Amino acid sequence: MGQLKITILGCGASGGVPAIGNNWGECDPTNPRNNRMRSSISIQSENTTIVVDTGPDFRHQINRANISKIDAILYTHAHGDHVAGIDELRAFQRRYKKAIPVYSNQVTIDKLSRQFDYMFKDISNGFYPKVLDPYIFKDTDYTLPQTIGDINFVPVEQDHATCISLGFRFGNIGYSTDMINLSDESISAFKGIDTWIVDGAGYFYDPITVHANVPRLLELNEKIGAKKIYLTHMSLMMDFEDMLKRLPDGFYPCYDGLEFLTDNIL
Ligand SMILES: [Zn+2]
Numbered sequence: 007m008g009q010l011k012i013t014i015l016g017c018g019a020s021g022g023v024p025a026i027g028n029n030w031g032e033c034d035p036t037n038p039r040n041n042r043m044r045s046s047i048s049i050q051s052e053n054t055t056i057v058v059d060t061g062p063d064f065r066h067q068i069n070r071a072n073i074s075k076i077d078a079i080l081y082t083h084a085h086g087d088h089v090a091g092i093d094e095l096r097a098f099q100r101r102y103k104k105a106i107p108v109y110s111n112q113v114t115i116d117k118l119s120r121q122f123d124y125m126f127k128d129i130s131n132g133f134y135p136k137v138l139d140p141y142i143f144k145d146t147d148y149t150l151p152q153t154i155g156d157i158n159f160v161p162v163e164q165d166h167a168t169c170i171s172l173g174f175r176f177g178n179i180g181y182s183t184d185m186i187n188l189s190d191e192s193i194s195a196f197k198g199i200d201t202w203i204v205d206g207a208g209y210f211y212d213p214i215t216v217h218a219n220v221p222r223l224l225e226l227n228e229k230i231g232a233k234k235i236y237l238t239h240m241s242l243m244m245d246f247e248d249m250l251k252r253l254p255d256g257f258y259p260c261y262d263g264l265e266f267l268t269d270n271i272l
């Protein structure tokens, strides 16, 4: 069974904190926990490393976490803040002479293979080899256990208003970035988790736009029952210390580098 280590590689909203131009917004620049790269996590067992999303900060994130090999990427959706570091995967293909499996739903894989077509095929007789091997979750895969290497997980469909995004359950930890709502079926896949790492970008928005706010998370968690809720995808309006004071009991702001452990169970 073993354990999984989940690391917050980034918990920033689409622009990161500070945003380009050294814009810290409401965040205190002297608190290192306000320095947020774009939202991403790694999941590591003894033998396997999976990363969720490859945003614009991908190379820095992987180097800082000292990850030297990636067995697969799970993509939540194809928005730029989650995919645009995809080109960095070329360096892993070159190093290990092996295409990297990328998993998502049909819509996301279709978008990636249009926007980054050169990553999905051999070009110039293989001088530029294919970098990515796409794997598409079927409708019947959602809420059911999947395995990559020796890491077990459950993919979950989420409503992100502009598209369907994917969330994931690893043992007793749920990861739900870029989400405004969950169907009953998706809620049941998260039921019983201990910790929910979840989209908090809608904190200052009522009504909800494309990211969840705290009232929505409380409503969903009444059914899910997570004991701890860690907000990710946090904007430059969300100062770490200020959020600690504002958030309801059981809610915490993530910070880059934060680690969680969970059993590698289905
Ligand atoms: Zn996003």
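The sequence shown maps to residues 7 to 272 in the working numbering. Cβ coordinates follow ideal geometry from the N, Cα and C atoms, glycine included. Values in this document were obtained by computation on a predicted structure and should not be read as measured data.
With respect to residue 168, residue 239 sits apart: the two C-beta atoms are not nearer than 8 Å.
By the beta-carbon neighbour count (other beta carbons within 10 angstroms, threshold 16), residue 148 is buried. Between the C-alpha atoms of residue 45 and residue 88 there is a straight-line separation of about 7 Å.
For residue 209, the secondary structure class from DSSP, reduced to helix, strand or coil, is coil. Secondary structure note for residue 266: its beta strand (DSSP E) is the uninterrupted segment 265-269.
The DSSP-derived three-state label of residue 48 is strand.
When rounded, the separation of the alpha-carbon atoms in residue 218 and residue 131 is 46 Å.
Within 7 Å of the C-beta of residue 66 there is not a single heavy atom belonging to ligand 1. Residues of the same chain with a CB within less than 6 Å of the CB of residue 202, apart from the 5 flanking positions on each side, are 180, 232, 235 in chain order. Distances taken from the Cβ of residue 46 to the heavy atoms of ligand 1 include none shorter than 7 Å. In the three-state scheme derived from DSSP, where H, G and I count as helix and E and B as strand, residue 73 is classed as coil. Residue 158 counts as buried, since no fewer than 16 other beta carbons sit within 10 angstroms of its beta carbon. Here the distance from the Cβ of residue 20 to the nearest heavy atom of ligand 1 is below 7 Å. By the neighbour-count criterion, in which 16 or more other beta carbons inside 10 Å mark a residue as buried, residue 84 falls on the buried side. For residue 209, the closest alpha carbon among the candidates 77, 242, 50 is that of 242. Residue environment analysis places residue 162 among the buried positions, since at least 16 neighbouring C-beta atoms fall within 10 angstroms of its C-beta.
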